[in-house]
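Asker: Following this message is one structure expressed as structure tokens.
Numbering (my numbering), first residue to last: 4 to 326.
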């Protein structure tokens, strides 16, 4: 018995000098959602880096164009932050190799055309992500960023005289799907039908009270919004029935200038459609996202300032009024 105890004691002492080898920690493999998030961050980072480089090296641009480039870079930084920033595993960074240190990590020079290409590529990638993610709020955020990037691209192209990339998706037309997106309730559909119809009515009233370009623009939007209300009612199966939420007339404020009213109407629709992207099911969100972007772009055309997060009122970057 003594010999057994002695042997165990010797083993315990000997074990104190042993070190069990364990493999070093490795970075976890990203799931589908994290892959979408990182892709979105990478696209926004590139836009920001190129915009910053273009501001530094495009000396021939006028101050307005340079301001647009600067704003594009600022928006890109905000997008990266809201997307969760660059992934950090917490693991030690590997030692840089000689070849890695020879190449710059960020561009030092860029042209407006390169910024536009980056905006188009990032917008297209995020637009695909809207329909792929299982995370509704993330889809809503991507919808807003796509709207922001598309608006920035339009303004940058106009300010610099650079053609828009053909790959940039600029939604136009009816855009309403023939079947309702999955996940939307009857209340959701009734709300958007009424909102589109009310917008059409308001634009009709203002077109009748205006002339020239304002009248033509208001009439165009009236026709489009009325058509969208009808298309949604048809898709929902409520057109002309007891459940059709459309009314004969709506209240239209008389003391709000037409352009300001138009901005309010289009911005409200952009918010509504962005919210619906969070409710809709995977694979059915794109029409809603495109409708949000189209309404956001229409608001800008009526005089709304560009924003980093159109359609997301809680992310407004407009500073509060003094006083």
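Backbone N, C-alpha and C define an ideal beta-carbon position, used for all residues, glycine too.
(1) Cα separation between residue 59 and residue 215?
(2) Measuring only the C-alpha atoms, how far is residue 290 from residue 125?
(3) With H, G and I counted as helix, E and B as strand and the rest as coil, what does DSSP make of residue 275?
(4) Assuming residue 40 contacts residue 87 under a Cβ cut-off of 8 Å, what Cβ separation, rounded to an integer in Å, is found between them?
(5) What residue does the alpha helix (DSSP H) around residue 85 start on, and which one ends it?
(6) Helix or strand or just coil, what does DSSP make of residue 257?
(7) At which residues does the alpha helix (DSSP H) containing residue 224 begin and terminate?
(8) So, residue 178 versus residue 269, is the Cβ gap smaller than 8 Å?
(9) If you count every other CB in all the chains shown that lies within 10 Å of the CB of residue 203, and 16 or more means buried, which is it?
(10) Do residue 123 and residue 154 have their beta-carbon atoms positioned less than 8 Å apart in this structure?
(11) Quick check: the Cα distance between residue 222 and residue 285, rounded to an integer number of angstroms?
(12) With H, G and I counted as helix, E and B as strand and the rest as coil, what does DSSP make of residue 56?
(13) In angstroms with no decimal places, state the Cα-to-Cα distance between residue 206 and residue 91.
(14) Give the range of the alpha helix (DSSP H) segment to which residue 242 is assigned.
(15) Three-state secondary structure (DSSP) at residue 33?
(16) For the candidate residues 247, 32, 81 and 48, whose alpha-carbon lies nearest to that of residue 190?
(17) From what residue to what residue does the alpha helix (DSSP H) around residue 206 run?
(18) Once you ignore the five residues that flank residue 134 on each side, which residues in its own chain have a CB closer than 7 Å to its CB?
(19) Would you say residue 209 and residue 272 are within 8 Å of each other, going by their C-beta atoms?
(20) Please look up how many angstroms separate the CB atoms of residue 197 and residue 249, rounded, as I've assumed it's under 8 Å.
(21) Between which two residues does the alpha helix (DSSP H) holding residue 131 run?
(22) Just curious, the alpha helix (DSSP H) that residue 317 is in, first and last residue?
Answerer: Quick look at the numbers:
(1) For the purposes of this step, residue 59 is identified with residue 56 of the chain shown, where counting begins at 1. For the purposes of this step, residue 215 is identified with residue 212 of the chain shown, where counting begins at 1. So the two alpha carbons sit approximately 42 Å from each other.
(2) On the chain shown, position 287 is the one that residue 290 refers to. On the chain shown, position 122 is the one that residue 125 refers to. Going from the Cα of residue 290 to the Cα of residue 125 covers about 19 Å.
(3) Position 272 of the chain shown holds residue 275. Here DSSP, grouped into helix, strand and coil, assigns residue 275 to helix.
(4) Mapped onto the chain shown, residue 40 falls at position 37. Mapped onto the chain shown, residue 87 falls at position 84. That belief holds up - the Cβ atoms of residue 40 and residue 87 are roughly 6 Å apart, short of 8 Å.
(5) One-based indexing of the chain shown puts residue 85 at position 82. Looking at the DSSP string, the run of the alpha helix (DSSP H) that includes residue 85 is 66 to 85.
(6) Counting from 1 along the chain shown, the entry for residue 257 is found at position 254. Residue state, collapsed to three classes: coil.
(7) What you label residue 224 is simply residue 221 of the chain shown in a count that begins at 1. Residue 224 -> alpha helix (DSSP H) spans 215 to 239.
(8) The count along the chain shown starts at 1 and reaches residue 178 at position 175. The count along the chain shown starts at 1 and reaches residue 269 at position 266. It is not a contact, given that the beta carbons lie outside the stated cut-off.
(9) One-based indexing of the chain shown puts residue 203 at position 200. Burial call: buried.
(10) Working through the chain shown from its first residue, we reach residue 154 at position 151. Working through the chain shown from its first residue, we reach residue 123 at position 120. Not a contact, by the Cβ cut-off of 8 Å.
(11) Stepping through the chain shown from its first residue, residue 222 is reached at position 219. Stepping through the chain shown from its first residue, residue 285 is reached at position 282. Spanning the two alpha carbons is a distance of roughly 35 Å.
(12) Walking along the chain shown from the start, residue 56 turns up at place 53. In the structure shown, residue 56 sits in a helix (DSSP, three-state: H, G or I).
(13) Here the question's residue 206 lines up with position 203 in the chain shown. Here the question's residue 91 lines up with position 88 in the chain shown. Their Cα atoms are separated by approximately 49 Å.
(14) Translated into positions along the chain shown, residue 242 becomes position 239. Unbroken run through residue 242: none, as it is neither H nor E.
(15) Taking the first residue of the chain shown as 1, we reach residue 33 at position 30. Coil at residue 33, not helix or strand.
(16) Within the chain shown, the letter at position 187 stands for residue 190. When each option's Cα is compared against that of residue 190, the closest is 247.
(17) Locating residue 206 in the chain shown gives position 203, counting from the first residue. First-last of the alpha helix (DSSP H) with residue 206: 189 to 212.
(18) Looking up residue 134 in the chain shown gives position 131. Closer than 7 Å at Cβ, skipping near neighbours: 285, 286, 288 and 289.
(19) Counted from its first residue, the chain shown places residue 209 at position 206. Counted from its first residue, the chain shown places residue 272 at position 269. No, these two residues do not count as a Cβ contact at 8 Å.
(20) Taking the chain shown and counting its residues from 1, one reaches residue 197 at position 194. Taking the chain shown and counting its residues from 1, one reaches residue 249 at position 246. Indeed they touch by this definition, with Cβ atoms about 6 Å apart.
(21) Translated into positions along the chain shown, residue 131 becomes position 128. DSSP places residue 131 inside the alpha helix (DSSP H), whose first and last residues are 115 to 135.
(22) The sequence position of residue 317 within the chain shown is 314, counting from 1. Neither: residue 317 is in no alpha helix (DSSP H) and is coded neither H nor E.
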